[in-house]
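S.K.: Per my numbering, the sequence shown starts with residue 20, numbered consecutively.
Every residue gets a Cβ at the ideal spot worked out from N, C-alpha and C, and that includes glycine.
For clarity, every value in this text was computed on a predicted model and none was experimentally measured.
One structure coming up, written as structure tokens, with questions to follow.
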Amino acid sequence: MGKEYTKQHIVPSCYIANFGANGNEGRKSSIYYYLKEKGISGCGCAGDFPVEGNYYDIPELGENKKILELLFQKIETDLSDLLKELICSITFEKKDRKGCYVDYPLSKRQALSAQFAMQIQRTNLLRKQFEYIYDQLKAHVPCGSIPDYDKSDYKRLQNTQILSFDLAHFYANIFNDKKWVIIVNHTELPFLTSDNPLIAVNHGKNVHVSAASDDLTYYIPISPLFAIEMYPKSVKWNDLFCFDEYDVKNIALYNMYIERECTRMLFSNKDFGFIKELLDKELS
């Protein structure tokens, strides 16, 4: 599907804003960043890290890449409100480990699943699955007569055909039937995020699996205090209750995965110098 980009698309600023130093103040949220390649850090506003235009690396699409961007931007407009709604609805007693497991209401889970999946599609994890997703759309989305395409035929995509796909409905089905575990961070070390914020762990034998496979579990931070793990529906709730309470070392492990998958920038509500000092102290 065209050449592989080494500089990946950055996540929407409305998502980054949830990691602001003073809470979510939208694009004006003050936030700390770390440039992975250069090894330097600084502070800016969430709106300083905009969505990159024309991210799709399919040269044959030409000007139609802009149409895809407009479609994604339209769906992403509700992401900030949905995330804030989720975060504000979590009220756990401190140190109540069992309370961290939430069977979130189906309707809200569907809406958030669509937003997560749409956002994730724009980063590394699902980036190579465009053909698979297109095939699934043809098979399951009732949007009239959809032309057949082969691998070299994406150039025939027309604006009206792209916009007719009920993408949000399709993407919602990727995650809404999984068991959602909400992790509450009671430590000094915040959850970090990056321009490639979703971690997928493959427990199966096949290297290439679909995003909806039960072989995959997912982790995504949604704020410095909260993160979501998504488990296959086959996992029993009682099995999830067996974990110990998350401590600094657990949070550090999640952040290590985020840093490893990061392509350009890490984001945090705390200065990265402080974070490094805390990690050196706790993990030495």
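Rank P216, L235, L217 by C-alpha distance to the C-alpha of K224 and give the top, closest one.
M.R.: What you label residue 224 is simply residue 205 of the sequence shown in a count that begins at 1. Of the candidates P216, L235, L217, the one whose C-alpha sits nearest the C-alpha of K224 is L235.
S.K.: Three-state secondary structure (DSSP) at G223?
M.R.: In the sequence shown, the residue the question calls residue 223 occupies position 204. G223 falls in the coil class under three-state DSSP.
S.K.: To the nearest angstrom, report how far apart K198 and K252 are at their CA atoms.
M.R.: By one-based count along the sequence shown, residue 198 stands at place 179. By one-based count along the sequence shown, residue 252 stands at place 233. For K198 and K252, the distance between alpha carbons rounds to 6 Å.
S.K.: Using DSSP with H/G/I as helix, E/B as strand and the rest coil, what is I50?
M.R.: The count along the sequence shown starts at 1 and reaches residue 50 at position 31. I50 falls in the strand class under three-state DSSP.
S.K.: Could you tell me the alpha carbon to alpha carbon distance between V220 and A271, rounded to whole angstroms?
M.R.: Taking the first residue of the sequence shown as 1, we reach residue 220 at position 201. Taking the first residue of the sequence shown as 1, we reach residue 271 at position 252. Distance between the alpha carbons of V220 and A271: 17 Å.
S.K.: Look at L211 and L297 and say whether their C-beta atoms are less than 9 Å apart.
M.R.: Looking up residue 211 in the sequence shown gives position 192. Looking up residue 297 in the sequence shown gives position 278. Against a cut-off of 9 Å, the Cβ pair of L297 and L211 comes out as no contact.
S.K.: Using a Cβ-Cβ distance under 9 Å, would A219 count as near chain B?
M.R.: Among the chains in the structure shown there is no chain B, since it carries only a single protein chain.
S.K.: Have a look at S232, V254, S287, R279 and flag the residue whose alpha-carbon is nearest the alpha-carbon of L244.
M.R.: Indexing the sequence shown from 1 puts residue 244 at position 225. It is S287 whose Cα lies nearest to the Cα of L244.
S.K.: Going by alpha carbons, who is nearest to C64 out of T282, R283, S48, Y238?
M.R.: What you label residue 64 is simply residue 45 of the sequence shown in a count that begins at 1. Nearest option by C-alpha distance: S48.
S.K.: Note down the Cα distance separating I59 from D290, rounded to an integer number of angstroms.
M.R.: Within the sequence shown, the letter at position 40 stands for residue 59. Within the sequence shown, the letter at position 271 stands for residue 290. Between I59 and D290, the C-alpha separation is close to 12 Å.
S.K.: For E278, which residues does DSSP report across the bridge?
M.R.: Residue mapping note: residue 278 aligns to position 259 of the sequence shown, counting from 1. In the DSSP output, where bridge partners are listed per residue, E278 has none listed.
S.K.: Please report the distance separating the alpha-carbon of I247 from that of Y237.
M.R.: Here residue 247 refers to the residue found at position 228 of the sequence shown. Here residue 237 refers to the residue found at position 218 of the sequence shown. The straight-line gap from Cα to Cα measures roughly 8 Å.
S.K.: Nearest to E56 by CA position, among R283, A36, V267, M275, is which residue?
M.R.: Your numbering for residue 56 matches position 37 in the sequence shown. Cα-wise, what sits closest to E56 is R283.
S.K.: For G39, which three-state DSSP category applies?
M.R.: Numbered from 1 along the sequence shown, position 20 holds the residue referred to as residue 39. It is coil, neither helix nor strand.
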